[in-house]
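> One structure, as structure tokens, below. Some questions next.
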Amino acid sequence: MTPAGASWRRPASPSRNSRQAVRSQRPVDVPRWLFLPALLGALFVLLPLVAIVAKVDWGSFFSLVTSEGSRAAFWLSLRTSAASTLACVVLGVPMALLLARWDFPGLGLLRSLVLIPLVLPPVVGGLALLYTFGRRGLLGESLDALGIQVAFSTIAVVMAQTFVAMPFLVLSLEGALRTAGDRFEVVAASLGAPPTTVFRRITLPLVLPGLVSGAVLAFARSLGEFGATITFAGSLQGRTRTLPLEIYLQRETDPDAAVALALVLLVVAVLVIGVARHGRTAL
Amino acid sequence: MSVRFSATVPDRQVRVDLEVADGETLAVLGPNGSGKSTVLGVLAGLVRPQSGRITLDDRVLTDVGPGAPGVQVAPHDRRTALLGQDALLFPHLDALENVAFGPRSRGTDRRTARADAQRWLDELGVGDLADRRPGQLSGGQAQRVAVARALAAEPRLLLLDEPMAALDVAVQPALRQVLRRVLQERTAIVVTHDPLDALLLADRVVVLEQGRVVESGPSTDVLARPRSAFAGRLAGLNLLRGTWRDGAVHVRDGWDVHGRVEGTAPEPGHDAIAAFRPQAVAVYRDAARKTLLGSPRNAFDVRVTELEPRADLLRVHAGDLAADVTVQAAAELELVVGTPVTFVVKATEVALYGL
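Chains as they are written, first to last, in numbering that gives the first Met the number 0: chain P, 0 to 282; chain W, 0 to 354.
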């Protein structure tokens with residue numbers, strides 16, 4: 000092996016150590032004064048978290064988070080968030096693929112429209128869903144005639160969560176698809192692979208890290224969903240009262256319970272971020 | 000004819016007709032932007048021409064344009080494997096699975112496909128790298144795996160787009176030998192701007208300039224006696240053909256050409272070819288040579304047959320050979336047609352190949 004050829008041998012992704020070594024040899028220094036606003040920003044985010052942890056009444060913590068209402072809300076939240084993440088993947092992956100790979104007039108407009116739930120206040124999203132699937136909504140009357148009532152059911156919770164979380168998955172995956180490019184897909188097709196085989200064996204595996212982090216983001220967004228859920232699904236214990244709704248209600252009657260549940264949600268959020276970061280380094 | 004190609008792509012100002020016989024390798028030469036890659040893209044089904052008709056083994060792949068039925072077979076259904084300058088091995092699959100990808104996509108079962116893949120890797124001399132990921136392969140190794148992958152797909156037409164352009168010069172000769180071997184009986188089109196590639200890999204050459212075919216013919220003819228400006232600038236190679244004897248190409252008595260052997264040395268007595276550029280040839284008047292002492296090992300006594308002015312140079316033709324000299328040098332040497340001269344070439348400037 001010649002010295003010039005040896006450079007090809009470098010592993011595709013540098014090891015953790017070499018990456019840190021690269022970081023420390025920065026050729027241009029970041030301005031020192033940026034340190035202050037950066038620190039303030041970090042404190043602004045971290046201090047409230049510390050405050051809520053400090054507020055937890057540890058003596059009654061266990062009984063508070065295991066009360067019937069809390070457990071019901073916790074499991075409902077996990078179940079509905081998992082279901083809505085699945086819905087986001089099933090509907091969002093094809094959408095991201097079309098947005099990333101197809102070129103047609105109006106593509107930019109369509110992309111903006113798909114991303115609307117990202118900037119829309121969730122309460123408005125909930126209203127919109129209500130006027131679509133509610134009993135007197137756009138599709139609701141037809142659904143009602145078929146004996147299907149969506150609003151104020153667990154299904155409605157999943158729909159509200161999917162509505163607000165989908166853009167996170169689509170955005171994240173579309174970015175990954177664009178970064179990956181279509182060079183490998185072209186090669187695969189030239190080797191005789193029909194489109195479905197290319198999608199299954201090349202496209203999906205290559206953007207898997209992007210898909211995982213998109214799904215984690217969607218799950219996190221679903222877990223924290225409040226506005227659209229309470230508007231479209233209401234707040235029925237065990238059916239539509241998810242953890243954020245439970246926390247909001249408890250805040251009035253039993254602040255200690257609210258704080259304890261808030262900590263549970265915080266722990267779940269930290270776990271989710273851990274998973275998402277792990278998914279990204281796997282890239 | 001195995002391939003008949005005729006296409007117009009106005010976006011890229013390409014209008015090309017060409018044909019490739021069964022088992023023939025065609026080299027497409029041309030400057031950047033001459034439409035070489037577009038031709039491959041159209042063949043592979045990646046670029047839809049405005050009008051054109053392509054047949055491969057009498058099967059219509061493309062037939063579009065006014066009055067045409069509008070046939071455009073999808074890329075995966077054309078059996079035209081594409082090999083580019085980057086190996087583009089699928090990064091999430093090891094070498095073996097990369098090669099097995101084509102057979103698997105055509106529905107071959109997993110075990111047979113893997114066995115096939117191993118055979119192809121062995122064939123290309125990288126059988127021991129089967130379980131390596133692409134990130135663990137050198138450029139030359141990766142390109143060999145890519146060649147194996149393309150061949151394992153059993154294409155009816157192999158398309159190579161500057162397959163060696165991205166490789167270290169040190170590993171090019173070895174891969175060139177590999178490609179020579181695998182292209183022997185195959186229908187293939189190789190886009191290149193290296194005249195040696197065209198000479199050694201292809202039976203026939205077409206030269207594209209500004210989207211048009213400006214020259215075509217057998218490789219040795221086009222490269223040794225180019226008519227188009229581009230081929231002339233690029234090629235105009237001196238090619239001497241002979242038999243391999245004592246580490247040199249024996250052309251005829253007194254003409255043993257020494258040089259660098261590219262790839263594996265030919266067997267004694269087999270056909271071999273020596274290639275060198277006219278710029279590498281120094282011209283001496285016959286008388287001067289008697290006192291010539293130095294490192295160049297190749298000296299050919301010839302008679303000037305033609306003097307061809309080229310930009311700021313003069314190309315001195317002597318039969319099949321050519322040398323570039325400055326106008327001043329030509330004047331000092333008093334070169335005219337019929338002058339006996341000696342062409343001298345350093346051995347390091349000569350590439351020797353077995354045929």
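We treat Cβ as the ideally placed atom computed from N, Cα and C, and that holds for glycine.
No experiment lies behind these values; they were computed from the predicted model shown.
Look up P:Ile-201 in the DSSP assignment and say whether it is helix, strand or coil.
If DSSP states are grouped into helix, strand and coil, P:Ile-201 belongs with the helices.
> Could you check whether the Cβ of P:Gly-188 sits closer than 7 Å to any Cβ belonging to chain W?
Per the sequence shown, residue 188 of chain P should be read as Ala rather than Gly. At least one chain W Cβ lies under 7 Å of P:Ala-188.
> May I ask which residues mark the beginning and end of the alpha helix (DSSP H) holding W:Pro-194?
That run of the alpha helix (DSSP H) goes 194 to 200.
> Report buried or exposed for W:Asn-31, applying the criterion of at least 16 other Cβ atoms within 10 angstroms of its Cβ.
Exposed.
> Looking at C-alpha atoms only, which residue of W:Leu-25, W:Ala-67, W:Ala-20 and W:Leu-81 is the closest neighbour of W:Gly-44?
Nearest C-alpha to W:Gly-44: W:Leu-81.
> Is the CB of P:Gly-191 under 7 Å away from at least one CB in chain W?
Judged by the 7 Å Cβ criterion, P:Gly-191 is in contact with chain W.
> Taking the beta strand (DSSP E) that W:Leu-28 belongs to, which residues open and close that run?
Residues 24 to 28.
> Is the beta carbon of P:Ala-232 sitting closer than 7 Å to the one on P:Ala-155?
Cβ atoms of P:Ala-232 and P:Ala-155: closer than 7 Å.
> Quick one: does P:Thr-239 have its CB under 7 Å from some CB of chain W?
So no, P:Thr-239 is outside the interface.
> Just list the residues that DSSP pairs W:Glu-122 with in beta bridges.
W:Glu-122 pairs with nothing; no bridge assigned.
> Are at least three pairs of beta-carbons, each pair with one atom in the region 70 to 81 of chain W and one in the region 43 to 58 of chain W, less than 8 Å apart?
Taking 8 Å as the limit for Cβ pairs, the verdict is that the region 43 to 58 of chain W does touch the region 70 to 81 of chain W.
> Which residues of chain P have a Cβ atom closer than 8 Å to the Cβ of W:Thr-79, listed in chain order?
In chain order: Ser-189.
> I'd like to check one pair, W:Ala-99 with W:Ala-86: are the Cβ atoms closer than 7 Å?
For W:Ala-86 and W:Ala-99, no; Cβs fall outside 7 Å.
> So with Cβ pairs under 7 Å, would you call P:Arg-100 a contact of chain W?
Closer than 7 Å: no.
> Is it right to say P:Thr-239 is buried, meaning 16 or more other beta carbons lie within 10 angstroms of its own, or is it exposed?
The residue is buried, with at least 16 neighbouring Cβ atoms inside 10 Å.
> Here's the rule I'm using: 16 or more other beta-carbon atoms within 10 Å means buried, otherwise exposed. How should P:Pro-36 be labelled?
By the 10 Å Cβ count, P:Pro-36 comes out exposed.
> Mind reading off the beta-carbon distance from W:Leu-182 to W:Leu-200? Whole number of angstroms is fine, and I expect it under 8 Å.
About 6 Å; that satisfies the 8 Å criterion.
> What residues of chain P sit near W:Leu-87, judged by a beta carbon separation below 9 Å?
The contacting residues are Arg-182, Phe-183, Val-185 and Val-186.
> Would you kindly report the start and end of the unbroken alpha helix (DSSP H) that includes P:Asp-181?
Where P:Asp-181 is concerned, there is no enclosing alpha helix (DSSP H), given that its DSSP letter is neither H nor E.
> Cβ of P:Thr-196 less than 7 Å from any chain W Cβ?
Yes - at least one Cβ of chain W is within 7 Å of the one on P:Thr-196.
> Using a beta-carbon distance below 7 Å, is W:Ser-36 in contact with chain P?
Not closer than 7 Å to any Cβ of chain P, the Cβ of W:Ser-36 fails to qualify, so no.
> Count the other CB atoms within 10 Å of the CB of W:Gln-327; is the residue buried (16 or more) or exposed (fewer)?
Classification for W:Gln-327: exposed.
> Since W:Leu-247 is in the beta strand (DSSP E), which residue starts that stretch and which ends it?
Correcting the residue identity first, residue 247 of chain W is Ala in this sequence and not Leu. Residues 247 to 251.
> On the three-pair Cβ rule with 8 Å, is the region 205 to 215 of chain P touching the region 161 to 177 of chain P?
The region 205 to 215 of chain P is in contact with the region 161 to 177 of chain P.
> Quick one: which chain W residues come within Cβ less than 8 Å of P:Pro-104?
Within 8 Å Cβ-Cβ: nothing; P:Pro-104 doesn't reach chain W, min ~18 Å.
> Between P:Pro-166, P:Thr-178, P:Ser-189 and P:Pro-93, which has its C-alpha nearest W:Ala-152's C-alpha?
Looking at the Cα atoms, P:Ser-189 is the closest of the given residues.
> By DSSP, does W:Leu-45 sit in helix, in strand, or in coil?
Note: W:Leu-45 maps to coil in three-state DSSP.
> With a 10 Å radius around its C-beta and 16 neighbouring C-beta atoms as the bar for buried, classify W:Phe-342 as buried or exposed.
Buried, by the Cβ-count rule.
> Closer than 8 Å is the cut-off here; do at least three beta carbon pairs connect the region 0 to 18 of chain W with the region 246 to 265 of chain P?
No: fewer than three Cβ pairs fall under 8 Å.
> Give the interface partners of W:Ala-94 over in chain P, defined as CB-CB distance under 9 Å, in chain order.
None at all; the shortest Cβ gap to chain P is about 14 Å.
> Could you have a look at P:Phe-255 and say whether DSSP puts it in helix, strand or coil?
Inspection of the sequence shows that residue 255 of chain P is occupied by Asp rather than by Phe. Looking at P:Asp-255 - three-state DSSP - the assignment turns out to be helix.
> Under 7 Å, Cβ to Cβ, is there at least one residue of chain W near P:Pro-166?
Closer than 7 Å: no.
> For W:Ala-322 versus W:Val-280, is the C-beta distance shorter than 7 Å?
In contact: W:Ala-322 and W:Val-280 (Cβ atoms closer than 7 Å).
> Within the continuous beta strand (DSSP E) that includes W:Ile-188, where are the two ends?
Start and end: 187 to 191.
> Can you look up W:Arg-296 in the DSSP assignment and give me helix, strand or coil?
Coil.
> How should W:His-269 be labelled, buried or exposed, when 16 other C-beta atoms within 10 angstroms of its C-beta is the threshold for buried?
Exposed, because fewer than 16 other Cβ atoms sit within 10 Å of the Cβ of W:His-269.
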